[in-house]
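Residue numbers (the numbering used here): 4 to 395.
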Ligand code: SAH
């Protein structure tokens, strides 16, 4: 097995079982490992640290598969995938849609798999994952419940690994390209080919239920609504009225279809830029009892945090202005570069500048099929708050 030898002192994070090796930590590469190949990682003093996937084009030059000197082969993937899927089965029972593999946090760096009914959507985000595509697809099929595997390896992070986007059926029937899932009694159509991420934002499952429980009799505004995850749960929860806003016409077409599928009252869907629309609502003094803000990732890494902070501040400030006394703000950040602590500070600053007094009544995170390995805090990307504005 080829070797990466680290610079003195750079073994610390691997010893804490953090799975990433940054290119600046490597003193030398022994042998000629191919992209994605398994290498041994050794300390400067000759101590074995990990077996890892080599990714020469990426700043994360290696991702650890394991801490023992062992073979990374079919049996390895079969065992890790069975373990991840088995844990979901214990946790989620017979739920129709769930995340089966959550990458680094399941000991499978760069590998994401989401199940939608009997279709599993696979996303490979690293050179190591890419190299094992066929093995991973077979192992997924062999764990029960999945009849076909669709690949949606088109996340931007692939560029950092020097990988091209891939969207294609990988195992089983290519058709249909749309599947319908049911989540706590609400059905959603999933577009396997063009839907965002792997087709749906499974991480928000529990938070959609929280919203449903709070929606009765309220006027609800769902900003960045995509296929209507929050908006339709508000409708299902008995909201007085629901407005959903997204910039994408395709997303709103899915959302409209989903309302029909559930025979729910059709929300008012508005296509546009949330930043502009919130200003329009403020200027026309339109108000709501419950506002959801679930924007896209403004800060993929800490380097973007400052710019992202301004964007979060802006939308949260405007949302506070639209809320009636006693109203609720359900606000999220899925930016890896913004910590929960920083996010709360930004939201506090927004309330202050909006002249609103508010309390945090709940803290939110991704659902439990998106675990965070304790040695991999980067896995904790989604954070949210429910804030209540002072008043009756
Ligand atoms: N809340 C959704 C997921 C939101 S993902 C759910 O639970 O399913 C973020 C969404 O924001 C995407 O659908 C994207 O199309 C939309 N978006 C991105 N920038 C936007 C902007 N400036 N204004 C409105 N929508 C935007």
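Note that beta-carbon positions come from the ideal geometry of N, C-alpha and C, so glycine has one too.
Computed from a predicted model, the values in this text were never measured in an experiment.
- Under the Cβ criterion (8 Å, minimum of three pairs), the region 126 to 136 does not count as touching the region 81 to 95.
- Residue 186 places its beta carbon less than 9 Å from that of residue 100.
- In this structure, DSSP gives residue 391 an extended state, which the three-state scheme calls strand.
- A residue is called buried once 16 or more other Cβ atoms fall within 10 Å of its Cβ, and residue 170, having fewer, is exposed.
- Taking a contact to require three or more Cβ pairs closer than 8 Å, the region 193 to 203 and the region 211 to 221 do not qualify as touching.
- Judged by beta-carbon spacing, residue 250 lies beyond the 9 Å limit of residue 301, meaning their Cβ atoms are not closer than that value.
- In the DSSP assignment, residue 377 falls outside any alpha helix (DSSP H), carrying neither H nor E.
- For residue 307, the shortest separation between its Cβ and any heavy atom of the ligand SAH does not lie below 8 Å.
- The beta carbons of residue 295 and residue 226 sit closer together than 9 Å.
- Those residues placing their Cβ nearer than 5 Å to any heavy atom of the ligand SAH are, following chain order, 204, 207, 227, 229, 232, 249, 250, 251, 254, 276, 277, 297 and 299.
- Your pair residue 255 and residue 192 does not check out as a contact, with CB atoms roughly 13 Å apart and the cut at 8 Å.
- Rounded to whole angstroms, residue 90 and residue 375 show a C-alpha spacing of 14 Å.
- For residue 152, the three-state secondary structure derived from DSSP is strand.
- Assigned with DSSP and collapsed to three states, residue 307 falls in helix.
- Distance from the Cα of residue 84 is smallest, within the candidate group 236, 351 and 143, for 143.
- Boundaries for residue 277: no beta strand (DSSP E) harbours it, while the alpha helix (DSSP H) harbouring it runs 277 to 286, taken from the DSSP string.
- Approximately 6 Å separates the beta-carbon atoms of residue 29 and residue 64; this is inside 8 Å, confirming the contact.
- Proximity of the region 378 to 392 to the region 16 to 23 meets the contact definition, three or more beta-carbon pairs being nearer than 8 Å.
- Looking from the CA of residue 239, the closest CA among 224, 260, 204 and 267 belongs to 267.
- Residue burial is scored here from C-beta neighbours: residue 394 has fewer than 16 other C-beta atoms within 10 angstroms and is therefore classed as exposed.
- Listed in chain order, the beta strand (DSSP E) elements of length 3 or more contained wholly in the region 166 to 200 are 169 to 174, 181 to 186 and 189 to 194.
- Here residue 53 carries a strand assignment [DSSP, helix/strand/coil].
- Using a Cβ distance threshold of 9 Å, residue 154 and residue 189 do not count as a contacting pair.
- Note: residue 324 is not bridge-paired with any residue in the DSSP secondary-structure output.
- In the DSSP assignment, residue 358 falls outside any beta strand (DSSP E), carrying neither H nor E.
- The region 156 to 168 makes no contact with the region 228 to 237; the number of CB pairs closer than 8 Å stays below 3.
- In this model, residue 314 and residue 209 are separated by some 25 Å (Cα to Cα).
- Residue 222: member of the beta strand (DSSP E) spanning 222 to 226, first to last residue.
- Here the region 240 to 248 makes no contact with the region 306 to 313; the two share fewer than three CB pairs at distances below 8 Å.
- Between residue 182 and residue 145, the alpha-carbon positions lie close to 21 Å from each other.
- Between residue 306 and residue 318, the alpha-carbon positions lie close to 21 Å from each other.
- Nearest to residue 121 by C-alpha distance, out of 66, 139 and 184, is 184.
- For residue 119, the beta-bridge partners assigned by DSSP are 100 and 122.
- Taking all protein chains shown into account, residue 232 has 16 or more neighbouring C-beta atoms within 10 Å of its C-beta and is therefore buried.
- DSSP places residue 260 outside any beta strand (DSSP E); the residue lies instead in the alpha helix (DSSP H), whose first and last residues are 252 to 264.
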